[in-house]
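Asks: Quick one: structure below, then a few questions.
Residue numbers (my numbering): 644 to 806.
Here you go:
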């Protein structure tokens with residue numbers, strides 16, 4: 644009788660530990676990434692770069708560290724309900740990430756708080772004009788590598804002679 648009580652007690656402890664672990668894991672993966680004021684489409688030219696204002700929300704009960712990555716987005720997106728003329732994948736836009744006026748690709752967000760950062764985009768000389776480029780911004784939480792959050796930025800490459 645005593646062996647079964649000890650076995651039951653150990654099984655209860657193991658289940659309680661696993662339950663707490665999975666809850667903590669789920670809480671650390673609760674994040675959102677969005678463009679402030681939904682301004683996800685902007686224009687820029689060779690002489691006139693632009694900035695997107697991004698907000699990351701950490702809904703977890705502990706402070707989280709996020710690594711920010713930006714990559715060309717080759718998927719489909721619409722502008723005013725239509726597929727716009729696009730830059731092809733041979734053209735890269737210049738991208739820098741800033742937080743508090745300092746270049747930074749790691750953002751720490753306190754528990755149940757938000758942090759803002761900027762994605763600055765400039766257009767290299769020779770980039771085709773009157774075309775759209777897409778950039779996917781990802782925030783990768785080091786406590787939750789499978790739980791990256793992302794948002795799409797759309798950039799119109801304007802003719803610098805028409806500004």
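Glycine included, C-beta positions come from ideal geometry on N, C-alpha and C.
(1) Sort 696, 725, 701 and 678 by Cα distance to residue 756 and report the nearest one.
(2) Can you check which of these residues, 780, 747 and 789, is closest to residue 716 by C-alpha distance?
(3) Which residues in the same chain as residue 800 place their Cβ atom closer than 6 Å to its Cβ, once the five residues preceding and following it in sequence are excluded?
(4) Is the Cβ-Cβ distance between residue 685 and residue 798 less than 8 Å?
(5) Please classify residue 805: does DSSP put it in a helix, a strand, or coil?
(6) Within the continuous beta strand (DSSP E) that includes residue 708, where are the two ends?
(7) Does the region 723-739 come into contact with the region 781-792, if we say contact requires no fewer than three beta-carbon pairs (one atom in each stretch) closer than 8 Å?
(8) With DSSP as the reference, please indicate the residues paired to residue 722 in a beta bridge.
(9) Please classify residue 733: does DSSP put it in a helix, a strand, or coil?
(10) Taking the C-alpha atoms as reference points, what is the distance between residue 743 and residue 753?
(11) Would you report the Cα separation of residue 764 and residue 736, rounded to the nearest angstrom?
(12) Taking 7 Å as the limit between beta carbons, can you name the residues of its chain near residue 658, skipping five residues before and five after?
(13) Does DSSP put residue 681 in a helix, a strand or coil?
(14) So what does residue 808 bridge to, in DSSP terms?
(15) What are the boundary residues of the beta strand (DSSP E) that includes residue 774?
Replies: The structure says:
(1) Ranking the options by Cα distance to residue 756, first place goes to 701.
(2) Considering only 780, 747 and 789, the residue with the shortest C-alpha distance to residue 716 is 780.
(3) Contacts found: 766, 770, 772 and 774.
(4) Taking 8 Å as the Cβ cut-off, residue 685 and residue 798 qualify as a contacting pair.
(5) Helix at residue 805.
(6) Run containing residue 708: 707-715, per the beta strand (DSSP E) assignment.
(7) At 8 Å Cβ cutoff, the stretches do not touch.
(8) Paired residues: 725.
(9) Taken through DSSP and simplified to helix, strand or coil, residue 733 comes out as coil.
(10) Annotation: residue 743 to residue 753 spans about 16 Å, alpha carbon to alpha carbon.
(11) When the Cα atoms are used, residue 764 and residue 736 turn out to be separated by approximately 7 Å.
(12) At residue 658 the pLDDT is 43, less than 50, meaning the model places this residue with poor confidence and gives no usable figure here.
(13) Helix, per DSSP.
(14) What is shown of the chain runs 644 to 806, which leaves residue 808 out entirely.
(15) Annotation for residue 774: the continuous beta strand (DSSP E) segment containing it runs 774-784.
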